[in-house]
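Colleague:
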């Protein structure tokens, strides 16, 4: 007989046996208490408890009921514990570590499963996170399928399980990998290897917690069909609102840690967007929503037959409830901080260490500066004073932990999501009035100001263990600290004023100085790899013409049927060396050709040549690299990685070595958005890559190359990332440095303006468009095109080599040589400059009038390719075929499309490069060196540069002398007229076609 005095939810839970995991956790305790207090007719609750921190499950079981959460129950109904039974287990173990006898009991008796257990540590090892968050739910589902009396199964996930998406509905989403595949991977690989590949496995996910929660949902989607199962996804769970006691909380995760840190005057800066929504929900509201969802799941399952359920979508069969505040009652981080501030000042604690100061910024550099000034520096000062008076220094170590915590929080404080909660709102509407009173979870009616009063009082009482009778003492201390804070600010500002006065009153003494860089290189012997390449040629010319080196060993390989000697002679036949031939006609006497090949072991150098180099060389420039983006991985590894290792090995034997400079690329870690002048961990270590290449043949490598490269777009940047790690490890103790130039384009001034010898990158785009061949590029017009002139790069290299000879560091110092921090230029401006300057010196080699589009969207780019490239190419090739000519345009466009597709990765992205080392190096040069070795991008005039840029490409790439400019202008006028006539004709024909179709239809 149904008890009409009970609500629908109470009736549902009456007589039910429940299995609850995570009962010792924050949500678990509130769920357990709520069930026992509000649903007293529940038959039994089995709770899973594990051994932890030296406490056995029985001790931890007893501890659950000793806290304030169960205080009211303990007083009103001490016998409630008879309904709770301990199941010893551990979600980190297979089958949740449950013994067979307990498993049999659960299987026979349980009607409801509430799976709340999870590891919520963001930095949890992926093995542990997978076992607890993914494997446990899989094993629990397997158990549930054997439960004959199962009525409802609720899995508590997180709304951030799909945080890599901007909009999150109450749906399942495709995970980056299958949950079962991750479990298999974890079980077959050791933990060290898992650690090495974790970042590749989790991909875009910010941490192992949300990643494994996403894969847990994938397991439910694939394994849970047929069960009365639902998922509840709460956002950030914070202190209780009303029950079991107001403001109860037992952890400092997320915003709670921020609240306490700010209230105590410990946290003074935060990396967040203050206008972004902070999606927090009270813990008791979450628990009530879970219990309501459990009831609704059974009701839905009972109301539909198995055949009907099979026809439903997966989201109907396994409903998802996003429990969030932002959809109905949003507050921003600014609101959050202000509410918490006002509430904390009503009940200040005497534990406060300083007056309230909080600087919110979305700029990572400002945050790091604020962290230094407001956290680190005060921490060192206070710890120093502590040592002086015999106390233990704690603050610096504490701030390191706080900084780590704040970086974890910043991912969520910097972003905002569009959450949908339609199912949750419908769930609330489905409750009867009594259940709405007993199981309140309508977030729309929550009064945030009142809530924060309880929230902050709860933090004070339950986390700081500071009772409210100390409030008067807290107010007195807060007043004293306020006066101290503003007094200190006054002293600091006055000190800053005095320091500025002193600096401004000190005038620098200008002296005429000789070149320190030239003095360093004078009579030195240099070993240069990549001497036949673009940079290598310019470097040789500068060293011989300006630096007066003693000798240059040039590594040269045979190529395309030409011997080393032939290629060596060809180097000096180009216009680049015309000036050197006039100023230093005997320069060839200082050059020594060394036969070798960077793709071979030990650089393919003969033993006698190797000994000569080791005995004589003072400076090494390692410029050699394969820059082909589609190079085979094995070849790229040999040239870009192994050759670097071999160079370092040679350098260790050089008794006269003064400097070793490795030329990498600013895009070696293009998978990152922020690239500082520091080493980063590559996708795979060099040793593992070498082993992989030893085990696999070329066909096997090609098949799995995409998996090996991970997020890297090509073998060039990938191999460069690994070569940097090799250079760091192999060059320790040597006078080394590394420079990372971005996209290198033609020279600006030296030795001749606009010299270039390749069509790579932007140069190919500019002249392809100028000739009327290239008419579209997949590029975001407003993204930075990080371009640097080749002669500026060479000057920076020479300065870095000089600087690295002065001091040996633990690891090579890195210099990002880029333009965007000081002289940014976007792709739109780049093409506009190219068009402007190219139209002034048009070439008669042009095949059509300039028409070019930068398309941000791929579909528009593909449409333009079809209309502006492919169709015209087929038409012209057909006409060529008809008149007996060889059709070549279609094949040419296939090559052009391959070229621009390679570029699209870089033209649609933007990087935040940091170049402080490079800027500091420029400041250290004297006036003579700044004039002789100019490389400051801040002083570059792009307008002046592009005049030489387009002219240089015309002369040195197209081999079209300036004398043909008049002919080019005449042809340009003819093609312009032809272009607009053709466009008019096409529009006219299109109009006629539309009229014809309209008449036919109507």
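Residue numbers (the UniProt record's numbering): 1 to 1002. Built from N, CA and C at the ideal position, the CB exists for glycine as well.
I need the straight-line Cα distance from residue 509 to residue 712, nearest angstrom please.
Modeller: Low confidence applies to residue 509: its pLDDT is 48, below 50, so where it sits in the model is not reliable, and the reading given next is rough at best. Going by the C-alpha atoms only, they are around 50 Å apart.
Colleague: Less than 8 Å between the beta carbons of residue 743 and residue 754, yes or no?
Modeller: Not a contact, by the Cβ cut-off of 8 Å.
Colleague: Decide if residue 460 is buried, meaning its Cβ has at least 16 other Cβ atoms within 10 Å, or exposed.
Modeller: So residue 460 ends up on the buried side.
Colleague: Report yes if the CB atom of residue 827 is closer than 8 Å to the CB atom of residue 781, and no otherwise.
Modeller: Contact flag set, yes.
Colleague: Just how far apart, CA to CA, sit residue 33 and residue 69?
Modeller: Answer to the nearest angstrom: the Cα atoms are 7 Å apart.
Colleague: Identify, in the order they occur along the chain, each residue of the same chain with its Cβ nearer than 7 Å to the Cβ of residue 255, setting aside the five sequence neighbours on each side.
Modeller: Cβ within range, chain order: 236, 238, 278, 280 and 336.
Colleague: If we call anything under 8 Å between Cβ atoms a contact, is residue 771 one with residue 843?
Modeller: Yes. Within cutoff.
Colleague: In whole angstroms, what separates the C-alpha of residue 627 from that of residue 708?
Modeller: Going by the C-alpha atoms only, they are around 19 Å apart.
Colleague: Give a yes or no on contact between the segment 220-236 and the segment 723-739, applying the rule of three or more CB pairs nearer than 8 Å.
Modeller: At 8 Å Cβ cutoff, the stretches do not touch.
Colleague: Please report how far the alpha carbon of residue 159 lies from the alpha carbon of residue 72, in whole angstroms.
Modeller: So the two alpha carbons sit approximately 32 Å from each other.
Colleague: By alpha-carbon positions, which one of 784, 642, 599 and 658 ends up nearest to residue 725?
Modeller: Residue 725 has its Cα closest to that of 642, out of 784, 642, 599 and 658.
Colleague: Would you call the segment 257-269 and the segment 41-53 touching, i.e. three or more CB-CB distances under 8 Å?
Modeller: Touching, no.
Colleague: Please state the DSSP three-state secondary structure of residue 38.
Modeller: Looking at residue 38 - three-state DSSP - the assignment turns out to be helix.
Colleague: Bridge partners for residue 736 per DSSP, in chain order?
Modeller: Note: residue 736 sits in a beta bridge opposite 660.
Colleague: By DSSP, does residue 1022 sit in helix, in strand, or in coil?
Modeller: The chain is shown only over 1 to 1002; residue 1022 falls outside these bounds and no answer can be derived.
Colleague: Here's the rule: buried if 16 or more other CB atoms are within 10 angstroms of the residue's CB, otherwise exposed. What is residue 786?
Modeller: It counts as buried.
Colleague: Output the boundary residues of the alpha helix (DSSP H) element that contains residue 695.
Modeller: It spans 686-695 - the alpha helix (DSSP H) in which residue 695 sits, taken as one unbroken run.
Colleague: Under three-state DSSP, which class holds residue 230?
Modeller: DSSP places residue 230 in strand when its eight states are reduced to three.
Colleague: Can you give me the C-alpha to C-alpha distance between residue 201 and residue 177, rounded to a whole angstrom?
Modeller: Spanning the two alpha carbons is a distance of roughly 8 Å.
Colleague: For the 8 Å Cβ check, are there 3 or more pairs between the segment 881-890 and the segment 633-647?
Modeller: As far as the Cβ criterion goes, the segment 881-890 does not touch the segment 633-647, which means the pair count is below three.
Colleague: Given that a residue counts as buried once 16 or more other Cβ atoms are within 10 Å of its Cβ, and exposed if not, what is residue 703?
Modeller: Exposed, since its Cβ has fewer than 16 Cβ neighbours within 10 Å.
Colleague: So does the segment 320-331 actually touch the segment 420-432, counting three or more Cβ pairs closer than 8 Å?
Modeller: Yes, they touch.
Colleague: Looking only at its own chain, which residues have a Cβ that is under 6 Å from the Cβ of residue 434, when we skip the five neighbours before and after it?
Modeller: Around residue 434: 7.
Colleague: Can you give me the Cβ contacts of residue 759 inside the same chain, cut-off strictly under 6 Å, excluding the 5 residues immediately before and after it?
Modeller: Here the set comprises nothing.
Colleague: Going straight from the alpha carbon of residue 840 to that of residue 941, what length do you get?
Modeller: Between residue 840 and residue 941, the C-alpha separation is close to 19 Å.
Colleague: Check the C-beta distance from residue 113 over to residue 19 and give it rounded, since I have them as a contact under 8 Å.
Modeller: The Cβ separation is near 5 Å, so the contact holds.
Colleague: With respect to the alpha helix (DSSP H) encompassing residue 763, which residues constitute its N-terminal and C-terminal limits?
Modeller: Note, residue 763: alpha helix (DSSP H), 762-770.
Colleague: For the alpha helix (DSSP H) that contains residue 918, what are its first and last residues?
Modeller: Its alpha helix (DSSP H) spans residues 916-924.
Colleague: Mapping the DSSP letters down to three states, classify residue 855 as helix, strand or coil.
Modeller: Of the three classes helix, strand and coil, the one that applies to residue 855 here is strand, per DSSP.
Colleague: Where does residue 467 sit, in a helix, a strand or coil, going by DSSP?
Modeller: Coil.
Colleague: Between the segment 553-564 and the segment 531-543, do three or more beta carbon pairs fall short of 8 Å?
Modeller: Verdict: yes, contact present.
Colleague: Answer yes if the segment 309-318 comes into contact with the segment 341-353, meaning at least three C-beta pairs across the two stretches below 8 Å, and no otherwise.
Modeller: At 8 Å Cβ cutoff, the stretches do not touch.
Colleague: What residue does the alpha helix (DSSP H) around residue 975 start on, and which one ends it?
Modeller: That run of the alpha helix (DSSP H) goes 965-1001.
Colleague: Kindly indicate which residue of 390, 405 and 352 has the alpha-carbon position closest to the one of residue 471.
Modeller: Looking at the Cα atoms, 352 is the closest of the given residues.
Colleague: If residue 737 sits next to residue 813, beta carbons under 8 Å apart, how far is it from one beta carbon to the other, in whole angstroms?
Modeller: Contact holds; Cβ gap of about 5 Å.
Colleague: Cβ-heavy atom distance between residue 188 and the ligand NAD below 7 Å?
Modeller: By its list of ligands, the structure shown contains no ligand whatsoever, and the ligand NAD lies outside what it can speak to.
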